[in-house]
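Using this note's numbering, the letters of the sequence shown correspond one by one to residues 273 to 581.
No residue lacks a Cβ here, since even glycine has one placed at the ideal position from N, Cα and C.
Since we're looking at a predicted model, the values are computed, not measured.
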Amino acid sequence: MQVLLDVISPVFMVIGLGYVTVWRGLFTSEDIDTLMKFAQSFAIPFLLFKGMTDIDLEQSFQPELLGSFYIGSITIFFLGTVGARLVFKRDLEDCITIGFCCMFCNSLVLGLAITERAYGSDALQGNFAIVTLHAPFCYGVGIAAMEITLNKGKNPIKLIQNVAVAMFRNALMIAFIAGFIVNFYNIPLTNTVSNVIGMVVQVALPTALLGMGGVLYRYRPMSDIGPIIMISIASLILHPIFVLFLGTHLALDTQAIRSAVLTSAMAPGINAYIFSNMYKRGQKIAASTVLVATIGSLFTIWAWLEMLP
Numbered sequence: 273m274q275v276l277l278d279v280i281s282p283v284f285m286v287i288g289l290g291y292v293t294v295w296r297g298l299f300t301s302e303d304i305d306t307l308m309k310f311a312q313s314f315a316i317p318f319l320l321f322k323g324m325t326d327i328d329l330e331q332s333f334q335p336e337l338l339g340s341f342y343i344g345s346i347t348i349f350f351l352g353t354v355g356a357r358l359v360f361k362r363d364l365e366d367c368i369t370i371g372f373c374c375m376f377c378n379s380l381v382l383g384l385a386i387t388e389r390a391y392g393s394d395a396l397q398g399n400f401a402i403v404t405l406h407a408p409f410c411y412g413v414g415i416a417a418m419e420i421t422l423n424k425g426k427n428p429i430k431l432i433q434n435v436a437v438a439m440f441r442n443a444l445m446i447a448f449i450a451g452f453i454v455n456f457y458n459i460p461l462t463n464t465v466s467n468v469i470g471m472v473v474q475v476a477l478p479t480a481l482l483g484m485g486g487v488l489y490r491y492r493p494m495s496d497i498g499p500i501i502m503i504s505i506a507s508l509i510l511h512p513i514f515v516l517f518l519g520t521h522l523a524l525d526t527q528a529i530r531s532a533v534l535t536s537a538m539a540p541g542i543n544a545y546i547f548s549n550m551y552k553r554g555q556k557i558a559a560s561t562v563l564v565a566t567i568g569s570l571f572t573i574w575a576w577l578e579m580l581p
């Protein structure tokens, strides 16, 4: 119970505050869009950049850590896609969107916030290693699968181009590359620059959580409750089970296990809806799942925190 009160509740109360501000008309949807744009395109990339400049590259980018997380991700994408096809008889484009929703956990806003509150900021090195590759990996898998389906295997040059553009226009990828270069070549940052970065970083997660609450107000559960439940179970339960199994067998240390499993246990993020909207497939399912799974994760995250070492 103490974990629920001290670690999880503050995070979800900030999300709830964002929800209430839009519900009561204190913020408009346009205000929330601006807030989320600042958080996702500016503040969180600053957080990621700072994290990349501070971490020990050799210790953090463990093949076992990344392997356990991303093998779990691709497995859950495949199971979600196949499950949507076999169980719910969806066309292949919708199935890929559903698989993407199963795979794309909220590694940034929820994953970083929960891990930091549970284990402290020093425990985030594994999270940063996962987060830096998360959007490029998931979008790469999703876009490649969708483009192959849409193009029926034709025009491979356009396929490669679409994947590359989606990956390297992402602010997180830019922040990752910049932070990696500064760290790898040991480039010193002046006190002024460090102070500016530090000020922005302090507001990154609270702003993102508040904005996320406002965005969730728009997402009301509609039809297609079956796929919504399947995605929620896959993302909140099956994904972390796979990661825990792989991480244990790859002999990850305690801190790495915590980062990998907690990150994989987060609900689908806003990017699940963004991907569905890119291709105009499964938007209602993706939008409703973000809300339903985020509420459900309040209890499943509590369970995972109690089980982890």
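Less than 8 Å between the CB atoms is what I'm expecting for residue i and residue j, so what's the real figure, rounded?
i           : j           : result
residue 414 : residue 368 : 7 Å
residue 481 : residue 287 : 5 Å
residue 345 : residue 375 : 5 Å
residue 519 : residue 528 : 7 Å
residue 538 : residue 383 : 5 Å
residue 351 : residue 506 : 7 Å
residue 402 : residue 514 : Not a contact, Cβ separation roughly 14 Å.
residue 320 : residue 440 : Not quite, the Cβ-Cβ distance comes to about 15 Å (not below 8 Å), so this is no contact.
residue 336 : residue 524 : 5 Å
With distances taken from CA atoms, which of the options is nearest residue i?
i           : options               : result
residue 323 : 466, 488 and 409      : 466
residue 565 : 549, 544, 581 and 579 : 544
residue 502 : 371, 342 and 523      : 371
residue 338 : 530, 572, 555 and 285 : 530
residue 522 : 577, 285 and 334      : 334
residue 387 : 536, 567 and 359      : 536
residue 261 : 562, 441 and 547      : The structure shown does not extend to residue 261, since the chain spans only 273 to 581, so no value can be given for it.
residue 455 : 573, 326 and 298      : 326
residue 309 : 567, 571 and 487      : 487
residue 318 : 506, 513 and 472      : 472
residue 509 : 570, 430 and 390      : 570
residue 305 : 394, 490 and 526      : 490
residue 557 : 526, 572, 497 and 450 : 497
residue 283 : 552, 578 and 479      : 479
residue 314 : 474, 377 and 572      : 474
residue 548 : 418, 450, 463 and 517 : 418
Under three-state DSSP, which class holds residue i?
i           : result
residue 428 : helix
residue 408 : helix
residue 540 : strand
residue 474 : helix
residue 451 : helix
residue 334 : coil
residue 462 : coil
residue 457 : coil
residue 568 : helix
residue 326 : helix
residue 297 : coil
residue 581 : coil
With a threshold of 16 other CB atoms inside 10 Å of the CB of residue i, please say whether the residue is buried or exposed.
i           : result
residue 533 : buried
residue 423 : exposed
residue 436 : exposed
residue 576 : buried
residue 379 : buried
residue 359 : exposed
residue 342 : buried
residue 457 : exposed
residue 428 : exposed
residue 581 : exposed
residue 294 : buried
residue 432 : exposed
residue 328 : exposed
residue 394 : exposed
Say whether chain D places a C-beta atom closer than 8 Å to the C-beta of residue i.
i           : result
residue 394 : No chain D appears in this structure, which consists of one protein chain only.
For a minimum of 4 consecutive residues, which ranges assigned as the alpha helix (DSSP H) are wholly contained in the region 350 to 402?
364 to 375 and 385 to 391
4-residue-minimum alpha helix (DSSP H) runs that sit fully inside the region 477 to 561, ordered along the chain
497 to 505, 511 to 521, 526 to 536 and 542 to 551
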